[in-house]
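Participant: Have a look at this one before I ask anything.
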Amino acid sequence: TSASATTTTPQASQPTQQRNATTQNTSQSSTSTSQQTPQTQTPVQPTYADTYPFKSECAASPQPTSKQIDPLSYTKCFSASYTAYKLSQTFSTMPQYWGAPKQWPAKADSAHISRGTTPKLHSVGIQTTGGAGWAVWGEAVHDDNTIDISYYNFNNSLAYGTQYNVNPAVFSAYIYFGE
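All residue numbers for the sequence shown refer to our numbering, where the first residue is 10 and numbers rise by one.
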């Protein structure tokens, strides 16, 4: 089974359903032969949209600090700001004044928000290495427990990015804001 066929998000499973319908139509309309060769199909990677409201302000050279603080008190175009925005967009939960991502697991504990080491759909992955650490948004969790993530300023300079089928052990903790 391909990873895109086993994802838990509607965005990713919809292209798979369309692909299967196309496969069925193709096999129904093909001429009858004594032996048909099965066609290998490339899994469809889901596409996640960059809906971050401050993306136009992100550049390789950050603005002066006084101009780059978002309404939740995070530095715009950094992982904490993007992840806090995704939380407010998805759950109406806003972790305001939580500081750097490496502080988020302790803040979650103080706020009685569940966390663990297993990714869940729309959980926040935390990596504690590096100066401030990083926070990423869990877009999808696959049957093999790999995850699709979206982020800002994670392995790229103040920009949006996505990675697919990521090993969940890359992150030291997952915070489950939606529970």
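Heads up, the beta-carbon is just placed ideally off N, CA and C, and yes, glycines get one too. These numbers come from a predicted model, not from an experiment.
Give me the DSSP bridge partner(s) of aspartate 157.
Facilitator: Aspartate 157 pairs with Ala149.
Participant: Quick one: what does DSSP say tryptophan 107 is sitting in, helix, strand or coil?
Facilitator: coil
Participant: Alanine 89 lies in the alpha helix (DSSP H); which residues open and close that run?
Facilitator: 88-100
Participant: When you compare the CB positions of glycine 134 and tyrosine 183, do they come within less than 8 Å of one another, or not?
Facilitator: yes
Participant: Between lysine 111 and alanine 93, what straight-line distance do the alpha-carbon atoms span, to the nearest angstrom?
Facilitator: 14 Å
Participant: Looking only at C-alpha atoms, which of Thr171, Tyr169, Thr138 and Pro128 sits nearest to threonine 155?
Facilitator: Checking every option, the nearest Cα to that of threonine 155 belongs to Pro128.
Participant: Find the nearest neighbour of aspartate 79 within the set Pro104, Gln136, Ile122 and Asn174, judged by alpha-carbon distance.
Facilitator: Pro104
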